[in-house]
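Q: My structure is below; once you've seen it, I'll send some questions.
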Amino acid sequence: MKHYLVTGGAGFIGANYVKYILKKHNDIQLVILDDLTYAGNLGTIKDHLKDPRVEFIKGNIVDPQIVKSIFEKHPVDSVVNFAAESHVDRSIENPQLFLQTNILGTQNLLDTAKKFWTVGKNEKGYPVYREGVKYLQVSTDEVYGSLGETGYFTEKTPLDPRSPYSASKTGADLIVAAYSETYKMPINITRCSNNYGPYHFPEKLIPLIIKNILEGKKLPVYGDGSNVRDWLYVEDHCKAVDLVLLQGRPGEVYNVGGHNEMKNIDIVKLTITTIRQLMEENPEYRKALKPASPSTADLSWINDDLIAFVKDRLGHDQRYAIDPAKITAELGWYPETKFTDGIVKTIRWYLENQDWVEEVTSGDYQRYYEQMYGNR
Ligand code: NAD
Ligand code: TYD
Numbered sequence: 011m012k013h014y015l016v017t018g019g020a021g022f023i024g025a026n027y028v029k030y031i032l033k034k035h036n037d038i039q040l041v042i043l044d045d046l047t048y049a050g051n052l053g054t055i056k057d058h059l060k061d062p063r064v065e066f067i068k069g070n071i072v073d074p075q076i077v078k079s080i081f082e083k084h085p086v087d088s089v090v091n092f093a094a095e096s097h098v099d100r101s102i103e104n105p106q107l108f109l110q111t112n113i114l115g116t117q118n119l120l121d122t123a124k125k126f127w128t129v130g131k132n133e134k135g136y137p138v139y140r141e142g143v144k145y146l147q148v149s150t151d152e153v154y155g156s157l158g159e160t161g162y163f164t165e166k167t168p169l170d171p172r173s174p175y176s177a178s179k180t181g182a183d184l185i186v187a188a189y190s191e192t193y194k195m196p197i198n199i200t201r202c203s204n205n206y207g208p209y210h211f212p213e214k215l216i217p218l219i220i221k222n223i224l225e226g227k228k229l230p231v232y233g234d235g236s237n238v239r240d241w242l243y244v245e246d247h248c249k250a251v252d253l254v255l256l257q258g259r260p261g262e263v264y265n266v267g268g269h270n271e272m273k274n275i276d277i278v279k280l281t282i283t284t285i286r287q288l289m290e291e292n293p294e295y296r297k298a299l300k301p302a303s304p305s306t307a308d309l310s311w312i313n314d315d316l317i318a319f320v321k322d323r324l325g326h327d328q329r330y331a332i333d334p335a336k337i338t339a340e341l342g343w344y345p346e347t348k349f350t351d352g353i354v355k356t357i358r359w360y361l362e363n364q365d366w367v368e369e370v371t372s373g374d375y376q377r378y379y380e381q382m383y384g385n386r
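Take 11 as the starting number for the sequence shown in our numbering and just add one per residue.
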């Protein structure tokens, strides 16, 4: 039996990973550590909390006592760190929280794992670790900065973060690399592109656009909508994390993503036409429309006139695009889900799971929305 500590397992990607791992493997026990911030929702993983392979602990990755108590109680042999403050717009408003969680939290996890995993020292003074242990840091392609019209991020691209979010993720990556160099700790870093899919919190582009359409609201597109992201279906990402943890060469970075580049404006237009088409083909889906929307009978209002070009994000990165050649060559991974298929699956999921959206947006969401979009 293996024992994983999965942090951030109640968030978007972490929860999808928990579901993926429990389905795929029978020989893994999971301790999930999550502080249940606005982005974490226990309801997302509620079906798994009864599973004897799962224990959930509410707590902050920055807290040394909580992390230590987990290692004391469980023979953790792998740490997969998803926990983070993850939204660029929020990082522009409050950078400090991002540095605390993303950098200090990562260092705390590394330090505790190092203490519990060390079984001795070699002749040069480096720690010797228990057999089979590994720390995996879930990072982002945003650490590489922004691309022009051509080119791709490889693992050799220099780090050049530009937002407080990406700077904090870069700080975390550098401290992980430092534990690899200085203490020879077995680590991997994965750097993925923009994920999309079920359980995505509706502050990020795709779920926010879906939510706004269902409410008959305007669809805020920052700047001129020409910014490009390289979209990765979340389950493909979970597969990559699983592969890297089990088979990745210790000390290595793996980029995850590729070949799904889209301009924001095209995503918004595709989401509009897909929702309308799905509702025309399947009238059941109209139940997802909210009372504030113009009509459930005549859907002609679901068109590009809903788009509102709003003030651009400060320091808005123009383009991200990943070259996944390394993870494909070494581990056989490639992004299986084409964007045109993944977006339909995702929209269907939202149309069928409005209870989840209402649950996660019942707290501070309205206040956040007013503050972020009220003056744009
Ligand atoms: P998310 O915001 O949906 O979830 C983050 C989770 O971490 C939440 O459950 C939250 O409660 C928890 N958390 C936050 N601060 C915590 C703390 N101090 N202690 C314990 N738990 C805490 O994020 P996500 O989209 O699932 O992203 C997961 C990871 O993947 C992050 O590290 C993020 O930087 C990285 N990433 C995300 C994307 C993306 O497109 N979403 C792309 C690249 C990289
Ligand atoms: P987002 O989902 O926040 O991810 P990231 O900033 O990590 O790439 O944003 C994706 C793109 O969509 C980004 O270029 C900003 C843009 N965007 C909008 O145009 N409108 C919105 O309301 C949001 C949230 C994002």
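Even for Gly, the Cβ is constructed at its ideal location relative to N, Cα and C.
Just so we're clear, the structure is a prediction, and the values are computed from it rather than from any experiment.
1. Provide the residue span of the beta strand (DSSP E) that contains P230, from first to last.
2. Heavy atom of the ligand NAD less than 6 Å from the Cβ of N204, yes or no?
3. Is T371 helix, strand or coil when you go by DSSP?
4. For D330 and V238, which I take to be in contact (beta-carbon distance under 8 Å), what is that distance rounded to the nearest angstrom?
5. Between the Cα of A302 and those of E369, T371, G226, spot the shortest distance and give me the residue it belongs to.
6. What do you get for W127, buried or exposed, if any count of 16 or more other CB atoms within 10 angstroms of its CB means buried?
7. Report yes if the CB atom of R172 is closer than 7 Å to the CB atom of Y232, and no otherwise.
8. Would I113 pass as a contact of S190 if the rule is Cβ separation under 7 Å?
9. For the alpha helix (DSSP H) containing I23, name the first residue and the last one.
10. Run through DSSP, which three-state label would M289 get?
11. Measuring alpha carbon to alpha carbon, tell me which residue in T283, K60, S236 is nearest V354.
12. Relative to the ligand ZN, is the shortest distance from any of its heavy atoms to the C-beta of P174 smaller than 6 Å?
13. Would you decide whether D365 is buried or exposed? Buried here means 16 or more other CB atoms lie within 10 Å of its CB.
14. So for I277, helix, strand or coil by DSSP?
15. Looking at the structure shown, is I353 part of a helix, part of a strand, or coil, going by DSSP?
16. So does the stretch 261-268 actually touch the stretch 159-171, counting three or more Cβ pairs closer than 8 Å?
17. What would DSSP say about N390, mapped onto helix, strand or coil?
18. Could you please give the first and the last residue of the uninterrupted alpha helix (DSSP H) stretch that includes L119?
A: Inspection of the coordinates gives the following:
1. Counted from its first residue, the sequence shown places residue 230 at position 220. From DSSP, the beta strand (DSSP E) with P230 extends over 229-232.
2. Position 194 of the sequence shown holds residue 204. Yes, Cβ of N204 sits closer than 6 Å to a heavy atom of the ligand NAD.
3. Locating residue 371 in the sequence shown gives position 361, where the first residue counts as 1. It is coil, neither helix nor strand.
4. Walking along the sequence shown from the start, residue 330 turns up at place 320. Walking along the sequence shown from the start, residue 238 turns up at place 228. The sequence shown places Tyr at residue 330, rather than the Asp named in the question. At roughly 7 Å, the Cβ-Cβ gap stays under 8 Å, so Y330 and V238 are in contact.
5. Sequence index remark: in the sequence shown, residue 302 carries index 292 (1-based). Checking every option, the nearest Cα to that of A302 belongs to G226.
6. The residue labelled residue 127 in the question sits at position 117 within the sequence shown. Result: buried.
7. As a first step, residue 172 must be located in the sequence shown, where it is residue number 162. As a first step, residue 232 must be located in the sequence shown, where it is residue number 222. Cβ atoms of R172 and Y232: not closer than 7 Å.
8. If you number the sequence shown from 1, residue 113 lands on position 103. If you number the sequence shown from 1, residue 190 lands on position 180. No, the pair does not count as a contact, with Cβ atoms beyond the cut-off.
9. Reading the sequence shown from its first residue, position 13 is the one you call residue 23. Run containing I23: 22-34, per the alpha helix (DSSP H) assignment.
10. One-based indexing of the sequence shown puts residue 289 at position 279. In this structure, M289 counts as helix in the three-state DSSP scheme.
11. For the purposes of this step, residue 354 is taken as residue 344 along the sequence shown, with counting starting at 1. Looking at the Cα atoms, T283 is the closest of the given residues.
12. The ligand ZN is absent from the structure shown, which contains only the ligand NAD and the ligand TYD.
13. Looking up residue 365 in the sequence shown gives position 355. D365 is exposed by the Cβ-count criterion.
14. Counting from one through the sequence shown, the residue named residue 277 turns up at place 267. Note: I277 maps to helix in three-state DSSP.
15. For the purposes of this step, residue 353 is taken as residue 343 along the sequence shown, with counting starting at 1. Here I353 sits in helix by DSSP.
16. yes
17. This structure gives no information on residue 390, because the portion of the chain shown stretches from 11 to 386.
18. In the sequence shown, counting from the first residue as 1, residue 119 sits at position 109. Taken as a continuous stretch (DSSP letters only), the alpha helix (DSSP H) holding L119 covers 115-127.
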